[in-house]
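Engineer: A single structure is presented below for examination.
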Amino acid sequence: MDAVWGDNVAQNIAFYAIAIPMVVAALRVVTTKNVVHAALYLVVVLLGVAAQFIVLGAEFIAATQVLVYVGAIVVLLLFGVMLTRARLGHDAEVDNEPAQRLAGGLVAVVLFALMTFAVFDQWQDVTLPEERYQSVAVVSDSIFSTYLVPFEATSVLLLAALIGAIVLARRD
Amino acid sequence: MLLTNFLLLSSLLFCIGVYGVLARKNGVLVLMSIELILNAVNINLVAFGVITGTISGHVFALFIVAVAAAEVGVGLALVILIYRNRRSIDLNELDLMKG
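Following this line, the structure appears as structure tokens:
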């Protein structure tokens, strides 16, 4: 029993209750013909990822995930949908031809089989520690001491991306 | 609870994202599939950070969130530029650089 469930059944139930809707929604993101529905299913996946972060005790990243992904990136994607005048509603023109979809499915299945083998080969029976709460103070101490240089590099990257996006998308 | 739970969920999301990148021809939908891939990697990083007992996994996940935001900004600018020039975001028609 322990080999399947680990040692904390309640956490496992929480994990699967979050994971199953996530996977279903992720499958809908890549299969639905409606572009707006795909963005809304993506919101379900991103909120599920945030919930998994809370199960892992990473509350700050969970909050960041909700703010940045659900609050900003999905809105950006919906802007993209509207600015490119995608057909709202059913749109048959979003998928590649069946041969390429079959090849993509084959690649995904083989990749998943390989990764499943590798994961079980290396990490089987490794259990997460019971105490895994990481407070915001620890994260911020780490960012502003050990990872200060990458943090500043990230700010430069965001500025460069912002200027680049403006230059690309403006009308002149 | 077991580490493999999170690793398998992450690889499943990653593979779904790979399928989405290969099977779609709408530019915005390909960007959404790339978001799935980045999120799968984030789950992995945080899970490994918990296993090693360090904060590095969390910090790297934060950096990936920032990079994903930048990526979506530039990617959407490109998609809008392509749409303005060609009236379509069908990625199969983008064969200008094909040899």
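Heads up: the sequence lines are chains A and B, in that order. Take any residue in the first sequence, count from 1 to its spot, add 350: that is its number in this note's numbering. Take any residue in the second sequence, count from 1 to its spot, add 11: that is its number in this note's numbering. Beta carbons: idealized from backbone N, C-alpha and C, even for Gly. Quick caveat: nothing in here was measured; it's all calculated off a predicted structure.
1. Reducing DSSP to helix, strand and coil, say where Asp522 (chain A) ends up.
2. Using a cut-off of 7 Å between C-beta atoms, extract the partners of Gly31 (chain B) located in chain A.
3. Starting from Thr477 (chain A), follow its DSSP beta bridges and name the residues at the other end.
4. Going by CA-CA distance only, name the one from B:Gly38, B:Ala79 and B:Leu87 that's closest to Leu105 (chain B).
5. Start and end of the alpha helix (DSSP H) containing Ile93 (chain B)?
6. Which residues share a DSSP beta bridge with Asn53 (chain B)?
7. Closest to Leu498 (chain A) by C-alpha separation, out of B:Ser67, B:Met43 and B:Leu13, would be which residue?
8. Excluding sequence positions up to five away, which residues of its chain have a Cβ less than 6 Å from the Cβ of Leu42 (chain B)?
9. Using a Cβ cut-off of 7 Å, which residues of the region 41–55 of chain B contact any Cβ in chain A, in chain order?
10. Could you compute how far the alpha carbon of Thr65 (chain B) sits from the alpha carbon of Ala58 (chain B)?
11. Check the Cβ of Lys36 (chain B) against every Cβ in chain A and list those closer than 8 Å, keeping chain order.
12. Drop a sphere of 10 angstroms on the beta-carbon of His69 (chain B), count the other beta-carbons inside from all chains shown, and report buried for 16 or more, exposed for fewer.
13. Give the DSSP bridge partners of Asn37 (chain B), in chain order.
Structural biologist: Concretely, from the data shown:
1. It is coil, neither helix nor strand.
2. Val379 and Val380
3. B:Leu13
4. Nearest neighbour of Leu105 (chain B) by Cα position, chosen from B:Gly38, B:Ala79 and B:Leu87, turns out to be B:Gly38.
5. Ser67 to Arg97
6. For Asn53 (chain B), which the question treats as bridged, DSSP gives no partner whatsoever.
7. When each option's Cα is compared against that of Leu498 (chain A), the closest is B:Ser67.
8. Gly86
9. Taking 7 Å as the cut-off between beta carbons, the residues of the region 41–55 of chain B near chain A are Leu42, Met43, Ser44, Glu46, Leu47, Asn50, Asn53 and Ile54, in sequence order.
10. 11 Å
11. Glu443, Val444, Asp445 and Asn446
12. buried
13. B:Asp101
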